[in-house]
Amino acid sequence: MTAYNYTYDNNGNLLSDQLNRTGSIKYDHRNLMTEIRVIKTEAPTVFDPPVDVLYLTYYRYDEAGNRVRKKRYKYNGSDPDPVFVTEGSNPSWALQSDEFYVRDVSGKEIAIYSGSSLTQWNIWGLDNVGKINADTTRNYYLKDHLGSIRVVLNSTNTVISAQDYDACLTYTAQAGEVGYPLQNRTYNSSAMKYDFTGKERDNETSYDYFGARYYDSRIGRWGQVEPLLDKYVSVTPYCYALNVPVILSDINGLSPSDVRLKGQDKTKILNALQQEMPNLNISMDKSGKLSYSGDASNSRELLMQNAIDNPNVENNIITTRENGYYDEKGEIQLIVVDSYEGNKVNKAGVAVTKQYFNFDHAVKWSKLGGGSVGMSVVHAILESYIGGRDYPNSSHDQSYENAHNRIQSMEDAKYNIIERQENTILNTETGIQTFNSMGIRNIITDESKILYTKEQLP
1 MTAYNYTYDN NGNLLSDQLN RTGSIKYDHR NLMTEIRVIK TEAPTVFDPP
51 VDVLYLTYYR YDEAGNRVRK KRYKYNGSDP DPVFVTEGSN PSWALQSDEF
101 YVRDVSGKEI AIYSGSSLTQ WNIWGLDNVG KINADTTRNY YLKDHLGSIR
151 VVLNSTNTVI SAQDYDACLT YTAQAGEVGY PLQNRTYNSS AMKYDFTGKE
201 RDNETSYDYF GARYYDSRIG RWGQVEPLLD KYVSVTPYCY ALNVPVILSD
251 INGLSPSDVR LKGQDKTKIL NALQQEMPNL NISMDKSGKL SYSGDASNSR
301 ELLMQNAIDN PNVENNIITT RENGYYDEKG EIQLIVVDSY EGNKVNKAGV
351 AVTKQYFNFD HAVKWSKLGG GSVGMSVVHA ILESYIGGRD YPNSSHDQSY
401 ENAHNRIQSM EDAKYNIIER QENTILNTET GIQTFNSMGI RNIITDESKI
451 LYTKEQLP
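Take the sequence shown: its position 454, counting from 1, is numbered 454 in this note's numbering, and each next residue is one higher.
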């Protein structure tokens, strides 16, 4: 690799890529790629020798930065550096494709048109699970833990496409390309529009469109600088998923989704979590994001791995020393060890959860016989994850009970002996009961502890 394989502008955006034979790349004020030229070696017919052909592609985006149009031209002239002004002004340029992307208010890609003709409707569940083709036939996707499409099935469960991916980001030449997919591990992969982590791979460049940036899977690097550079100062702004692509994924080119611990007591929570799950070596970076190594030995450890790996849910566990918090309506919500506030789906389709956790409460809960502090930590993280994964865009009232009960069913029943005791005072004149204190009680021994009084609320 020479010093001239890649050139960049002053913002750190890729301008030319000799390996991929791309150049004259242009960007808008948001550092989104708007124009690119690519040279491809093609044979006009099976009887002709291969020649270099120049392609020009334009990309257009909406106000939110979502790509809404892709227009591709092929140059048929002899000028080595043609200038394309406006459509129809240069007969040497032939329109090859003109795609429009229809999106919902969250940015999800709902349908794709070629010109005025519908080519596919995407089928959405918790994720993009398949598509309806223009002829009304249906295809369904089988994905791995990173969201990469490994197999495409038709409505009769027949495999119509399959491929494996190179997690080591190594040079593996195949049909003139390198990297993903793995050599000799594909079946009709050209039929797949979406590839690694479920993102569209542009045929004209072999770059994957993630939203905020374009990714070159052959070298495992972005073509543009990390937009959240100030949060990841210890790594190169071009690396993918913090250089651990087998564990983490990047949902939109901004940052890999994960479980994130926040607040003053996040280190205490991490230590308790590690003690509760000894088979997983769990670590935390400076931003509070968790990662792990090791193999799960039970259902809770397996679900914890899923919570850390799933790119569709971002779990925020907020440690607090307060006994309550104010929700979006301005109403006080009481905390007893932990409290799930709910989740919101962002424009990238990621369910962002919020779960409060009071470490001191967990210590008192444990001393009363409710299991270890680590058990409470695991409960809080998995409760938050299930709430976001299975009930996207839901409030506390809409998803807490189901998420809580499902996690509790995975825990040792002998520790399910603690109940909360909310003590109130009745105003005999108005008949209104007001909060006085919050306690917990062991239903076996009848021992109880006061967690806080009304004077200790925020």
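Yeah, the Cβ is synthetic: ideal placement off N, Cα and C, and Gly gets one too.
query: Residue 391, DSSP secondary structure in three states; result: coil
query: Whether residue 356 touches residue 325 by CB criterion (8 Å); result: yes
query: Residue 56 to residue 72 span [Cα, whole Å]; result: 6 Å
query: Alpha helix (DSSP H) segments (min. 4 residues) lying fully within the segment 342-413; result: 359-367, 373-390, 396-408
query: The segment 270-278 contacting the segment 372-388, beta-carbon criterion three pairs below 8 Å; result: yes
query: Distance, residue 25 Cα to residue 123 Cα; result: 33 Å
query: Residues that DSSP places opposite residue 438 in a beta bridge; result: 422, 452
query: Opposing strand residues paired with residue 331 [DSSP bridges]; result: Paired residue(s): none; residue 331 is not in a bridge.
query: Limits of the beta strand (DSSP E) - the one that residue 26 falls within; result: 22-27
query: Presumed contact (8 Å Cβ cut-off) between residue 308 and residue 261, rounded CB distance; result: 12 Å between Cβ atoms; not a contact.
query: Start and end residues, alpha helix (DSSP H) containing residue 428; result: Here residue 428 belongs to no alpha helix (DSSP H), and DSSP marks it neither H nor E.
query: Continuous alpha helix (DSSP H) stretch holding residue 267: start and end; result: 266-276
query: Uninterrupted beta strand (DSSP E) stretches inside the segment 43-107 (no shorter than 3 residues); result: 51-61, 67-75, 93-103
query: From 240, 229, 219, residue whose alpha carbon lies closest to that of residue 210; result: 240
query: Where residue 301 falls: helix, strand or coil (DSSP); result: helix
query: CA nearest to the CA of residue 366, picked from 419, 9, 351; result: 419
query: CA nearest to the CA of residue 446, picked from 417, 428, 434; result: 417
query: Spatial neighbours of residue 341 in its chain, beta-carbon cut-off 6 Å, leaving aside the 5 residues before and after; result: 354, 396
query: N-terminal and C-terminal residue of the beta strand (DSSP E) that residue 7 is part of; result: 6-8
query: Any C-beta of chain D under 8 Å from that of residue 334; result: Any reference to chain D falls outside this structure, which holds one protein chain only.
query: Rounded C-alpha distance that separates residue 444 from residue 363; result: 19 Å
query: Simplified DSSP assignment, three categories, for residue 197; result: helix
query: Rounded C-alpha distance that separates residue 339 from residue 380; result: 8 Å
query: Residue closest to residue 129, alpha-carbon to alpha-carbon, out of 194, 225, 442; result: 194
query: Residue(s) in a DSSP beta bridge with residue 30; result: Its beta-bridge partners do not exist; DSSP assigns none.
query: Proximity winner among 300, 164, 54, relative to residue 75 (alpha-carbon distances); result: 54
query: Exposure label - residue 171; buried when at least 16 CB within 10 Å; result: Summary for residue 171: the model assigns pLDDT 34, below 50, so the residue's position carries little reliability; its value from the coordinates is reported in the next sentence. The residue in question, residue 171, is exposed, as its Cβ has fewer than 16 Cβ neighbours within 10 Å.
query: Counted within 10 angstroms of its Cβ, other Cβ atoms place residue 438 as buried (16 or more) or exposed; result: buried
query: Coarse secondary structure for residue 176, derived from DSSP in three states; result: Caution applies to residue 176, whose pLDDT of 30 falls short of 50 and renders its modelled position unreliable; the value that the coordinates give is listed next. It is coil, neither helix nor strand.
query: Identified DSSP bridge partners for residue 316; result: 260, 354
query: Enclosing beta strand (DSSP E) for residue 162 [first to last residue]; result: 159-163
query: Close beta carbons around residue 453, own chain, < 6 Å, minus the five adjacent residues each side; result: 437
query: Closest residue to residue 369 among 402, 213, 413, 332 (Cα-Cα distance); result: 413
query: Run of the beta strand (DSSP E) containing residue 16, from where it starts to where it stops; result: 14-17
query: Spatially closest choice to residue 143 from 158, 165, 136, by CA coordinates; result: 165
query: Buried/exposed call for residue 47, threshold 16 Cβ in 10 Å; result: exposed
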